[in-house]
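In my numbering, the protein residues as written are 29 to 225.
In structure tokens:
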């Protein structure tokens with residue numbers, strides 16, 4: 029092999045310097061592009077971070093608004109529950125003095141019994157008066173007239189008492205029906221007034 033076929037040391041060094049310079053130029057260009065790309069990525073990351081912070085702030089604000097609305101609704105519901113409890117307590121106090129069904133039935137039977145007795149007394153008085161008329165002829169003794177008058181007055185008074193008792197019972201029944209209609213069903217299973225009667 030001749031020396032012309034092989035490059036000389038100087039030629040090789042020159043060639044290496046040229047390749048090295050070319051590589052350096054190429055790597056410098058790559059490094060510059062990488063720096064630009066890194067700068068862009070950093071800007072994008074900073075932009076995403078800023079947008080994420082803004083989004084987090086908006087979500088926090090929306091959460092606070094929703095929380096405020098929920099708290100307001102809960103307060104409203106609690107207030108309404110308190111009002112209902114107050115009304116139920118007032119209604120329980122208002123109905124506690126009303127008579128039970130047993131008392132109403134007893135009062136009704138008592139009134140009817142008084143009426144029957146009054147009618148019986150009236151019939152006895154009329155029969156007594158009529159008997160005196162038949163037995164005494166045309167003249168009526170003053171005692172018989174007085175008894176008939178007393179019997180009539182007693183019958184009239186008893187009729188008034190019966191009418192008054194009937195009105196009282198009807199008023200009490202109407203009040204009980206109205207209160208029972210206005211009273212909500214008992215959720216606790218407590219017996220209703222008159223439920224055991």
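Don't be surprised by glycine CBs; every beta carbon is placed ideally from N, CA and C.
Sequence-distant residues of the same chain with beta carbon closer than 7 Å to residue i, five excluded per side
i          : result
residue 30 : In this prediction, residue 30 scores a pLDDT of 46, lower than 50, which makes its location untrustworthy; the coordinate-derived value is nonetheless stated afterwards. Correct list: empty, nothing qualifies.
Nearest neighbour of residue i, chosen from the options [CA to CA]
i           : options          : result
residue 135 : 90, 194, 66      : 194
residue 143 : 122, 124, 187    : 187
residue 204 : 48, 37, 125      : 125
residue 210 : 112, 84, 173, 68 : 112
residue 123 : 43, 208, 34      : 208
residue 155 : 52, 173, 73      : 173
Residues of its chain near residue i, where Cβ-Cβ distance is below 8 Å and the 5 sequence neighbours each way are ignored
i           : result
residue 182 : 146, 149, 150, 153
residue 178 : 153
residue 109 : none
residue 119 : 207, 210, 211
Nearest-angstrom Cβ-Cβ length linking residue i and residue j, presumed shorter than 8 Å
i           : j           : result
residue 190 : residue 132 : Contact doesn't hold; Cβ gap of about 16 Å is too wide.
residue 157 : residue 175 : 7 Å
Neighbourhood of residue i by C-beta distance below 6 Å, restricted to the same chain and skipping five residues each side
i           : result
residue 99  : none
residue 57  : none
residue 102 : none
residue 81  : none
residue 212 : none
Near the ligand NAD: residue i beta-carbon under 7 Å from a heavy atom
i           : result
residue 174 : As presented, the structure is devoid of all ligands, the ligand NAD included, so that no description of it is given.
First through last residue of the alpha helix (DSSP H) which encompasses residue i
i          : result
residue 59 : 37-123
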